[in-house]
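Data block below; observations after.
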């Protein structure tokens, strides 16, 4: 048990970050949440993740791209947990700025304050996608963490339920463009199940943990399930990879950051992402919950 240990949760307003806050609190930790926008955590997230304003012990407003805003974030902290990363295109900052340099700053501060353990969330199958800017940025951080003097664990999820939630949003609009034939398979994991694993890692000695959820579906099956959940007839148009990649190149001419983030979506559909299964929450139920929330 945690006794009265203090944890810093970086990326606390994100999908996994909110569940991590809840899980650390439920195990008796003092939780300091690092967020860019404190308003965001007052309400539940778009994929059912909890509002955490009333749960955390301390909210620190900081932006990892501006070092002076981070000054004392690791003071008095025993453990750092970071699921921080750029999830939407930013006009000024790239994945390199946030996913690598931002997390790197937190690591440097953790080392200065002699934090005892650092838990970092990267991606499963990263070694197969090193051309993707966001993956490369995460892996630069992972490699810095491994060579640092701090005790560490790196969590490698196949994908979050919130990523699958994007298929749900597209299904609600009535139509999905799918890159490739959608035959590759994955077992994404619910934020609450992954958070348990992350807190176990904070309390254990483990190093690298690959993690997926209990159910394996092809990408096409996942999309069809999203259509079914919102009571629509599946309408899916496959796009050949060459066309999607050409589209990325064109997008890159106008919006480099958007192209960088979309490149992950295209690469990820090229092979299976199946990791050891954890957790008890099912994707089908998650889609049903989203559908219910969207009818109110």
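Residue numbers (my numbering): 4 to 299. Ideal placement from N, C-alpha and C gives every residue a C-beta, glycine not left out. Predicted model only: the values in this text are computed from it and were never measured.
So the beta strand (DSSP E) residue 85 belongs to, where does it begin and stop? 82-85
Paired residues, beta bridge with residue 276 - DSSP: 189
From residue 131 to residue 26, what distance separates their C-alpha atoms? 31 Å
Measure the Cβ-Cβ separation of residue 161 and residue 213 and say whether it is below 9 Å. yes
Proximity winner among 68, 29, 15, relative to residue 42 (alpha-carbon distances): 15
Any idea what DSSP makes of residue 41, helix, strand or coil? helix
Compare the Cα-Cα distances from residue 245 to each of 141, 208, 184 and report the closest residue. 184
Within 9 Å, strictly: CB atoms of residue 171 and residue 240: no
Classify residue 134 as buried or exposed, calling it buried when 16 or more other Cβ atoms lie within 10 Å of its own Cβ. exposed
For residue 181, which three-state DSSP category applies? strand
For the ligand GTP, is there a heavy atom less than 8 Å away from the beta-carbon of residue 30? Absence of the ligand GTP from the depicted structure is noted, as is the absence of any ligand whatsoever, leaving it without description.
How far does the alpha helix (DSSP H) with residue 164 in it extend, from its first residue to its last? 164-176
Helix, strand or coil at residue 92 [DSSP, three-state]: coil
Pairing CB atoms from the stretch 141-156 with CB atoms from the stretch 113-123, are three or more of them under 8 Å? yes
In this structure, does DSSP put residue 61 in helix, strand or coil? strand
Can you tell me whether residue 7 is buried or exposed, with buried defined as 16 or more other CB within 10 angstroms of its CB? exposed
Between the CA atoms of residue 163 and residue 203 - distance to the nearest angstrom: 18 Å
Short of 7 Å in beta carbon distance, which residues of its chain neighbour residue 260, apart from the five on each side in sequence? Order them along the chain. 92, 93, 97
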